[in-house]
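If you count the sequence shown from 1, position 4 lands on 4 in UniProt numbering, and the numbers rise without skipping.
Here the structure is laid out as structure tokens; the discussion comes afterwards.
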Amino acid sequence: MSGLEKLPLDLSRPAKPLFLKPRGFHLRSLPIYDVHNMVANSSLTADAFTHILKHCKPTTLVQCAGTSLEFRGLVVSELHRRYFFLLRIFFGPHAPEFDNLLRIHSAIVSGSTALAFFSWTDSWRPGDMDVYVGDIAYAEFVHDLERRNLATLDTDFDYHTPTSYHGISHVRRYVTTSGERLDVIQSRTANPVSPLLYFWSSVVVNFLSPSGAVCFFPKTTLEHGGFFTNVSSSKLLAAKEKYESRGFRLTQVPTWRPARGTSTHGTEILTEKPILVHDFLSLLPGEPSVSQITRDGQAWALTLPSAPAVSGTRSLPSLQMFAPTDNPPSASAGLNQIS
Numbered sequence: 001m002s003g004l005e006k007l008p009l010d011l012s013r014p015a016k017p018l019f020l021k022p023r024g025f026h027l028r029s030l031p032i033y034d035v036h037n038m039v040a041n042s043s044l045t046a047d048a049f050t051h052i053l054k055h056c057k058p059t060t061l062v063q064c065a066g067t068s069l070e071f072r073g074l075v076v077s078e079l080h081r082r083y084f085f086l087l088r089i090f091f092g093p094h095a096p097e098f099d100n101l102l103r104i105h106s107a108i109v110s111g112s113t114a115l116a117f118f119s120w121t122d123s124w125r126p127g128d129m130d131v132y133v134g135d136i137a138y139a140e141f142v143h144d145l146e147r148r149n150l151a152t153l154d155t156d157f158d159y160h161t162p163t164s165y166h167g168i169s170h171v172r173r174y175v176t177t178s179g180e181r182l183d184v185i186q187s188r189t190a191n192p193v194s195p196l197l198y199f200w201s202s203v204v205v206n207f208l209s210p211s212g213a214v215c216f217f218p219k220t221t222l223e224h225g226g227f228f229t230n231v232s233s234s235k236l237l238a239a240k241e242k243y244e245s246r247g248f249r250l251t252q253v254p255t256w257r258p259a260r261g262t263s264t265h266g267t268e269i270l271t272e273k274p275i276l277v278h279d280f281l282s283l284l285p286g287e288p289s290v291s292q293i294t295r296d297g298q299a300w301a302l303t304l305p306s307a308p309a310v311s312g313t314r315s316l317p318s319l320q321m322f323a324p325t326d327n328p329p330s331a332s333a334g335l336n337q338i339s
């Protein structure tokens, strides 16, 4: 498409609203209706919009996706581009093959790489990649990783010794084809997301998968904020200083994690608070997206990889934010009040 052609999409036709703005929650960007008017009245080409989207914050992309189904397609394409851009930092031209590996074994990417996805307009880039794999799938994942020559095992790292971190069984350290560090981490459960329940700060409770990206504390994270309880080791202190140097304001609170519990269907609850989900694969709201988590009543819970889908649960929405309310808890707040 040349730069002189008009956009052959009906951007004036609104899609089903995908951004739900709750009472008392304000974003530092255009309201959804202003974005809609800007798009509907514009004579820009699709190429021009595609270029503009490359420089937009995640919150702006959510708003833009709600203007029309056609514009939503451009946003989904941009999200997918960002995902593969991050994979190419570590795997270069082999990024699609690594994506396939994540898909086959239902693994996720977390840590600074996932945070970089939700901090797209920042100037920093991730220095390493953390991949989390379910306990059952772990052996096959590392076997396939090495068989495909996507990374070389770092023999100086004591990967045989179980880690002392909660939720984690083993860690193997690799050097990728691009010379970057890759840590492959085994979850203590069949679900690779469960270690996120024990992370030291809310700012890193995010993950990427081939089908979508999830941010568990969208209001604070997207505004470069986060909570932590304590930094009891030199390693955690270094991590805190690293993220503060990247522009994040970390606030110490008595506790910030969701109340632990089990859903009515026997799955482990992640949070009862709103989360942000970006869907890479679907243009239609309500279709299945990220397989590792699911809506269970009023909560978000871990799925059971070996079990069939729980009857009556709702699939994750596409590109939808559910009224974030993750405010800092007070010292007297009960666990059920803490996001």
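Beta carbons: idealized from backbone N, C-alpha and C, even for Gly.
Practice problem: Measure the CB-CB distance between phenylalanine 199 and valine 193 and report whether it falls below 7 Å. | Solution: Not in contact: phenylalanine 199 and valine 193 (Cβ atoms no closer than 7 Å).
Hey, which unbroken runs of the beta strand (DSSP E) at 3 residues or more fall wholly within the segment 225-253? 225-228, 249-252
(message) Check for me: the alpha helix (DSSP H) holding serine 169 runs from which residue to which?
(response) Run containing serine 169: none in the alpha helix (DSSP H); it sits in the beta strand (DSSP E), 168-176.
Rounded straight-line distance, which links the Cα of valine 203 to that of lysine 242: 12 Å
Excluding the five sequence neighbours on either side, which residues of its own chain have a C-beta within less than 8 Å of the C-beta of leucine 101, listed in chain order?
-> Within the same chain, leucine 101 has close Cβ partners Ala107, Phe141, Asp144, Leu145, Arg148, Leu150.
Subject >> Pairwise C-alpha distance: isoleucine 104 and threonine 189 >> reply: 17 Å
Quick one: using the 10 Å Cβ neighbour count with 16 as the cut-off for buried, is threonine 262 buried or exposed? With fewer than 16 other Cβ atoms inside 10 Å of its own Cβ, threonine 262 counts as exposed.
| said: Considering only their Cβ atoms, is the gap separating threonine 176 from phenylalanine 90 smaller than 7 Å? | reply: yes
Self-check item: Where isoleucine 136 falls: helix, strand or coil (DSSP)
Solution: coil
Next item on the list: Enumerate in chain order the residues of its own chain whose CB-to-CB distance from arginine 290 is below 7 Å, with the five nearest sequence positions on each side excluded.
Entry: According to the sequence provided, residue 290 is valine. The question's arginine does not apply to it. Taken in chain order, the residues that qualify are Ser209, Ser211, Gly212, Val214, Val277, Leu316.
task = In the DSSP assignment, find the unbroken beta strand (DSSP E) run with phenylalanine 207 in it and report its ends.
result = 206-209
Compute the Euclidean distance between the alpha carbons of glutamate 268 and leucine 250, then round it to the nearest angstrom. 27 Å
> Near tyrosine 138, what residues of its chain come up, given a Cβ to Cβ distance below 6 Å and the 5 sequence neighbours on each side ignored?
Replying inline: If we look at tyrosine 138 and ignore the five residues flanking it on each side, its Cβ neighbours are Gln186.
- prompt: Around the C-beta of lysine 235, are 16 or more other C-beta atoms found within 10 angstroms, so that it is buried, or is it exposed?
  reply: Lysine 235 should be labelled exposed.
message = Restricting to Cα atoms, I'd like to know which of Gly297, Asp279, Leu281 is closest to residue 342.
response = The structure shown does not extend to residue 342, since the chain spans only 1 to 339, so no value can be given for it.
Starting from the Cα of tyrosine 132, find the closest Cα among Gly111, Asp122, Phe117, Ala116 and give me that residue. Gly111
Need the endpoints of the beta strand (DSSP E) that glycine 212 sits in, please. That run of the beta strand (DSSP E) goes 212-215.
### Query
Taking the Cβ atom as the reference point for each residue, do phenylalanine 227 and leucine 79 lie within a distance shorter than 7 Å?
no
| field | Residues that DSSP places opposite glutamate 268 in a beta bridge | value | For glutamate 268, which the question treats as bridged, DSSP gives the partners Thr262.
ask   = For arginine 88, which three-state DSSP category applies?
value = helix
Measure the Cβ-Cβ separation of threonine 113 and leucine 86 and say whether it is below 7 Å. yes
Task: Coil, strand or helix - valine 203 by DSSP - done: helix
- request: Would you decide whether threonine 121 is buried or exposed? Buried here means 16 or more other CB atoms lie within 10 Å of its CB.
  value: Classification of threonine 121: exposed, given that the 10 Å Cβ count is below 16.
Valine 75 beta carbon less than 7 Å from that of leucine 61:
In this structure, valine 75 lies closer than 7 Å to leucine 61 by Cβ.
_Quick check on the burial criterion: 16 or more other C-beta atoms within 10 angstroms. Buried or exposed for lysine 54?_
exposed
**Message:** Cutting at 7 Å between CB atoms, please list the residues of its own chain near threonine 152, excluding the five before and the five after it.
**Reply:** Tyr174, Val175
Quick one: using the 10 Å Cβ neighbour count with 16 as the cut-off for buried, is arginine 82 buried or exposed?
-> buried
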